Amino acid sequence: PAKKSHSKKRTARIPEPTMHRIAEEDLRYKSYTLNIRQMLFKAARTSRVTRCNLLLYSLKNEASERIRFFSDEKKL
1 PAKKSHSKKR
11 TARIPEPTMH
21 RIAEEDLRYK
31 SYTLNIRQML
41 FKAARTSRVT
51 RCNLLLYSLK
61 NEASERIRFF
71 SDEKKL
């Protein structure tokens with residue numbers, strides 16, 4: 001939708017570190033990439049909701065003496 005930061009930098013003749021600082025600190029801008037995901041069909045959605053409810057129930061009631069760790073970080 002907008003111009004890339006490299007073309008803005010060239011047009012304004014601003015050093016790259018200055019451009020990044022302006023974008024991050026002053027404008028509070030974070031770049032992102034568009035991730036394409038598969039569609040979640042109704043059957044998959046209902047089974048996922050059911051499993052999530054079972055997990056929540058077990059965490060609240062059955063797993064009181066156990067500790068579970070969840071992380072979204074990838075293992076290297």
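Read left to right, the sequence shown gives residues 1 to 76 (the UniProt record's numbering).
Glycine residues also receive a C-beta, built at the ideal position from the N, C-alpha and C atoms.
No experiment lies behind these values; they were computed from the predicted model shown.
Continuous alpha helix (DSSP H) stretch holding A23: start and end: Careful: A23 lies outside any alpha helix (DSSP H) and carries neither H nor E.
Please report the distance separating the alpha-carbon of R51 from that of R28. Roughly 38 Å separates the two Cα atoms.
How long is the line joining the alpha carbons of D26 and N61, rounded to whole angstroms? Rounded to the nearest whole angstrom, the C-alpha separation of D26 and N61 is 47 Å.
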